[in-house]
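The sequence shown begins at 86 in my numbering and counts up by one.
C-beta: ideal position from N, C-alpha, C; glycine also.
Every value quoted in this text rests on a predicted model; they were computed, and no experiment measured them.
I have placed the structure first, in the form of structure tokens, so that the comments after it can refer back to it.
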Amino acid sequence: GGRVRSSPAVADGRVFVGSMDGSVYAVALRTGRPIWRFDTEGHTLESARFGFDRRTIQSSPAVVDGRVFVGARDGHLYALDAGTGRLLWKVDHKMSWVITSPAVAGGLVYAGSSDAKFVQAVDAATGRERWRFTSERPVWSSPAIAGSMLYVGDGSGTIYAVDRETGAEQWRYRTGRRILSSPVLADGRLFVGNADGGVYARRGTDTQLRRAVFWDSADVRGAWLSDHEQLRDYLADHGYQVLDAAALARFLGERVRDRAPSVVVFALDHLPATVAPTAADTVLFRRYLASGGKAVWLGVPPLVWSKDPKTGDADYTGIDRKAGARLLGVDFTRSNFDAYGNRVTRDGLRWGLSGWWESNWSVDPRGVTTVLALDDNGLAGAWVKSYGGPPGTGFVRIYGGGWNGGSPTPNYAGIQAVAEYFPTPGR
Numbered sequence: 086g087g088r089v090r091s092s093p094a095v096a097d098g099r100v101f102v103g104s105m106d107g108s109v110y111a112v113a114l115r116t117g118r119p120i121w122r123f124d125t126e127g128h129t130l131e132s133a134r135f136g137f138d139r140r141t142i143q144s145s146p147a148v149v150d151g152r153v154f155v156g157a158r159d160g161h162l163y164a165l166d167a168g169t170g171r172l173l174w175k176v177d178h179k180m181s182w183v184i185t186s187p188a189v190a191g192g193l194v195y196a197g198s199s200d201a202k203f204v205q206a207v208d209a210a211t212g213r214e215r216w217r218f219t220s221e222r223p224v225w226s227s228p229a230i231a232g233s234m235l236y237v238g239d240g241s242g243t244i245y246a247v248d249r250e251t252g253a254e255q256w257r258y259r260t261g262r263r264i265l266s267s268p269v270l271a272d273g274r275l276f277v278g279n280a281d282g283g284v285y286a287r288r289g290t291d292t293q294l295r296r297a298v299f300w301d302s303a304d305v306r307g308a309w310l311s312d313h314e315q316l317r318d319y320l321a322d323h324g325y326q327v328l329d330a331a332a333l334a335r336f337l338g339e340r341v342r343d344r345a346p347s348v349v350v351f352a353l354d355h356l357p358a359t360v361a362p363t364a365a366d367t368v369l370f371r372r373y374l375a376s377g378g379k380a381v382w383l384g385v386p387p388l389v390w391s392k393d394p395k396t397g398d399a400d401y402t403g404i405d406r407k408a409g410a411r412l413l414g415v416d417f418t419r420s421n422f423d424a425y426g427n428r429v430t431r432d433g434l435r436w437g438l439s440g441w442w443e444s445n446w447s448v449d450p451r452g453v454t455t456v457l458a459l460d461d462n463g464l465a466g467a468w469v470k471s472y473g474g475p476p477g478t479g480f481v482r483i484y485g486g487g488w489n490g491g492s493p494t495p496n497y498a499g500i501q502a503v504a505e506y507f508p509t510p511g512r
């Protein structure tokens, strides 16, 4: 009686599917013979009266223990008898679409709500709500269950991990744009598609990564990078906390104490005095790296050629390769401001980089831990220096153009991939 956007479910020799006519159908698997039809409330509604669709069943049914669970755009979550199509119960979402396909486990049914912005767990036998979790935006993503956790995405691009028994949030992770797809778990990883055209993979059980980006309006003149605001905004849209100089010092100090997994991307290639008043290895910035922290740096390496943050002035007599070496333990003797082509290495591909770009201030590859890209002179234009932390941590220098505005805008998605790369030991 209508188009079918609901994916069919197969159980006990029958096929169950919803239709845009507002009805749920059960047909014989082998022959297609109709067995029963259930008309939802939306089947009787005229969508034109409301100005939006209140009839379609877009949700795919879940069939468990002789019951069919399905959501509808009429604003209800339904439970039907799989044998007869008889209504067992329905949960009212107050006109908010239930587009998600329900997940069922442990006697509970999990479903998301569109404009009402929540995920709920209801008793499979009675429909009584057990808990409700509020999301930032509408939930069209279908929930996925693994062990004690439930995973779901929303229209803000946020992935939520909640305890499936209590609804308590365990962690959240911001991706690029809306999440419409259902998360998939495999091999300890969570995969989800995104409206930004990307597919994101995250460990499903790891500790939440504290993500931050340094940007301070007072330090803009001290930076060489020309597109720092765009990078800041991109990362902020992806869940990064924007830190000024004072907040950066607090963030690094907290991570030195708690050693929680973290990363700071420096949208400004300027190291404020709050974290590095001198070039000694006892400064907060270096202690953060030695405590398992991670800093991702674009542009001129820290302290090598600093600008006056008040005036933006710099001259060639201010180049101090030794200061950068004292801070990072990296040899900058062969580093210079001339730009050369860089091509990504195999390790760089693993970290999330691709292609080639122009970069400067390259270093001797023998003095770093991992080379991510080599320039035309055989020097490391993108690299990692580890300070004893877990794999994926330390000081990470990538790209490097933008000191004169002449290089192309870096790949922001690549920067994010590098920032969030923490390989599993042994892989």
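> Does DSSP classify Gly-487 as helix, strand or coil?
Replying inline: Along the sequence shown, read from residue 1 onward, the residue named residue 487 stands at position 402. Annotation note: pLDDT 49 at Gly-487 (below 50); position unreliable, coordinate value reported separately. The answer is coil: DSSP assigns Gly-487 none of H, G, I, E or B.
>> DSSP three-state label for Gly-433, please.
In response: As a position in the sequence shown, residue 433 is number 348, starting the count at 1. In this structure, Gly-433 counts as helix in the three-state DSSP scheme.
> Counting pairs of beta carbons, one from the segment 197 to 215 and one from the segment 164 to 181, are three or more of them closer than 8 Å?
Replying inline: yes
> How about Val-204 and Val-183: do their beta carbons lie closer than 7 Å?
Replying inline: Along the sequence shown, read from residue 1 onward, the residue named residue 204 stands at position 119. Along the sequence shown, read from residue 1 onward, the residue named residue 183 stands at position 98. No.
> Which residue's Cα is closest to the Cα of Gly-103: Val-112, Arg-340, Ser-91?
Replying inline: On the sequence shown, residue 103 is found 18 positions in, with the first residue counted as 1. Out of Val-112, Arg-340, Ser-91, Ser-91 has the C-alpha closest to the C-alpha of Gly-103.
> If you follow the beta strand (DSSP E) that Gln-315 is part of, which residue opens it and which one closes it?
Replying inline: Taking the sequence shown and counting its residues from 1, one reaches residue 315 at position 230. From DSSP, Gln-315 is part of no beta strand (DSSP E) but of the alpha helix (DSSP H) over 313 to 322.
> Does the distance from the CB of Phe-417 to the CB of Phe-351 come in under 7 Å?
Replying inline: Position 332 of the sequence shown, counted from the first residue, corresponds to residue 417. Position 266 of the sequence shown, counted from the first residue, corresponds to residue 351. No, Cβ-Cβ distance for Phe-417 and Phe-351 is not below 7 Å.
>> Rounded to whole angstroms, what is the Cα-Cα separation between Gly-240 and Gly-473?
In response: Mapped onto the sequence shown, residue 240 falls at position 155. Mapped onto the sequence shown, residue 473 falls at position 388. Taking the straight line from one Cα to the other gives about 39 Å.
>> My output table needs one value for Ile-500: the three-state DSSP class, helix, strand or coil.
In response: Locating residue 500 in the sequence shown gives position 415, where the first residue counts as 1. Ile-500: helix per DSSP, three-state reduction.
>> Alpha carbons only, please: which of Asp-423, Lys-379, Val-368, Gly-156 is nearest the one belonging to Leu-412?
In response: If you number the sequence shown from 1, residue 412 lands on position 327. Nearest C-alpha to Leu-412: Val-368.
>> Only counting the same chain, and skipping five residues up and downstream in sequence, which positions put a Cβ closer than 6 Å to that of Gly-487?
In response: Here residue 487 is taken as the residue at index 402 of the sequence shown, counted from 1. Confidence is the limiting factor: at Gly-487 the pLDDT is only 49, short of 50, which leaves the residue's position unreliable and the question unanswerable from this model.
> Enumerated in chain order, which unbroken segments of the beta strand (DSSP E) with a length of 3 residues or greater are wholly contained in the segment 393 to 471?
Replying inline: 425 to 429, 441 to 444, 455 to 460, 465 to 470
> Would DSSP call Leu-130 helix, strand or coil?
Replying inline: Residue 130 sits at position 45 when you count from the first residue of the sequence shown. Leu-130 falls in the coil class under three-state DSSP.
> Hey, would you say Val-69 sits closer than 7 Å to Ala-188, going by beta carbons?
Replying inline: The question about residue 69 has no answer, for the chain in this structure spans 86 to 512.
>> Is it buried or exposed, Asp-354, if we count other Cβ atoms within 10 angstroms and call 16 or more buried?
In response: Against the sequence shown, residue 354 aligns to sequence position 269. It counts as buried.
> Since Ala-94 is in the beta strand (DSSP E), which residue starts that stretch and which ends it?
Replying inline: The count along the sequence shown starts at 1 and reaches residue 94 at position 9. Its beta strand (DSSP E) spans residues 94 to 96.
> Roughly how many angstroms separate the alpha carbons of Trp-436 and Asp-304, rounded to a whole number?
Replying inline: Counted from its first residue, the sequence shown places residue 436 at position 351. Counted from its first residue, the sequence shown places residue 304 at position 219. Each residue's alpha carbon lies about 29 Å from the other.
> For the candidate residues Asp-398, Ala-399, Trp-390, whose alpha-carbon lies nearest to that of Ala-408?
Replying inline: For the purposes of this step, residue 408 is taken as residue 323 along the sequence shown, with counting starting at 1. Closest by alpha carbon: Trp-390.
> Quick one: Cα of Val-381 to Cα of Val-348, how far?
Replying inline: For the purposes of this step, residue 381 is identified with residue 296 of the sequence shown, where counting begins at 1. For the purposes of this step, residue 348 is identified with residue 263 of the sequence shown, where counting begins at 1. Answer to the nearest angstrom: the Cα atoms are 7 Å apart.
> Where do the N-terminal and C-terminal ends of the beta strand (DSSP E) with Arg-259 fall, by residue?
Replying inline: Against the sequence shown, residue 259 aligns to sequence position 174. Arg-259 -> beta strand (DSSP E) spans 254 to 259.
> Enumerated in chain order, which unbroken segments of the beta strand (DSSP E) with a length of 3 residues or greater are wholly contained in the segment 331 to 394?
Replying inline: 347 to 351, 379 to 382
>> Between which two residues does the beta strand (DSSP E) holding Arg-90 run?
In response: Position 5 of the sequence shown, counted from the start, is the residue given in the question as residue 90. Premise fails: Arg-90 is in no beta strand (DSSP E) and is neither H nor E.
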